[in-house]
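Peer 1: Going by the numbering used here, 220 is the number at position 53 of the sequence shown; the sequence numbering is gapless.
Using N, Cα and C, we set each Cβ at its ideal position, and we do this for glycine too.
Here the structure is a predicted model, which is why all the values come from computation and not from measurement.
Encoded as structure tokens, here's the structure I'll be asking about.
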Amino acid sequence: MVTIQLVPYTEIETLSSVGKIRKLLNIAKQNKIVLLQGRLKKDEEIELIKATMEEVNKEFQGIELAVIDPNVNMNMGFMQKFKNNFANALLGDRSGLTVIGPASVVKQVKKDPNKIELLMKKERKKRKKR
């Protein structure tokens, strides 16, 4: 069974960078796929990956990360780009969607500007000992 947990941006916006990373990583460590409204800053994404690598062990194999930014590759005029950048500066990085999946569940993430495909790992059936 796969569990997806939606995390609204408002739930993490008041946290420090470390707090955001801890919260998202703790959810992923519970074998849940995180759908974050918005996105982390680039340095927070880097720190999330570093923190993940430090915690990889037998039970936690790491994460797969993908971000969809609806403003990328769009043919916008100057004023529209200015409005979007201004809104992001005021409100934070709320546009877009971030997907964080535990590597034990998510095999691969394929993305293009309009969609994300999660390729899931097959669940291994546990054999009974005789």
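At the level of alpha carbons, what is the spacing between residue 206 and residue 177?
Peer 2: Computed Cα separation, rounded: 12 Å.
Peer 1: Assign residue 246 to one of three DSSP states: helix, strand, or coil.
Peer 2: If DSSP states are grouped into helix, strand and coil, residue 246 belongs with the helices.
Peer 1: Reducing DSSP to helix, strand and coil, say where residue 231 ends up.
Peer 2: It is a strand residue.
Peer 1: Does the Cβ of residue 179 have 16 or more other Cβ atoms within 10 Å, making it buried, or fewer, making it exposed?
Peer 2: Buried, because 16 or more other Cβ atoms sit within 10 Å of the Cβ of residue 179.
Peer 1: So, helix, strand or coil for residue 264, using DSSP?
Peer 2: In the structure shown, residue 264 sits in a strand (DSSP, three-state: E or B).
Peer 1: Would you call the stretch 273-289 and the stretch 214-228 touching, i.e. three or more CB-CB distances under 8 Å?
Peer 2: Touching, no, given that fewer than three Cβ pairs across the two stretches are closer than 8 Å.
Peer 1: Who does residue 269 pair with in a DSSP beta bridge?
Peer 2: In the DSSP output, where bridge partners are listed per residue, residue 269 has 230.
Peer 1: Would you report the Cα separation of residue 229 and residue 270, rounded to the nearest angstrom?
Peer 2: About 5 Å.
Peer 1: Thinking just about the alpha-carbon of each residue, which of 193, 233, 212 and 202 is nearest to the one in residue 227?
Peer 2: With distances taken between Cα atoms, residue 227 lies closest to 193.
Peer 1: Could you pull out every residue in the same chain whose Cβ sits closer than 8 Å to the Cβ of residue 202, ignoring the five residues on either side in sequence?
Peer 2: 171, 172, 173, 174, 264, 265 and 266, listed in sequence order.
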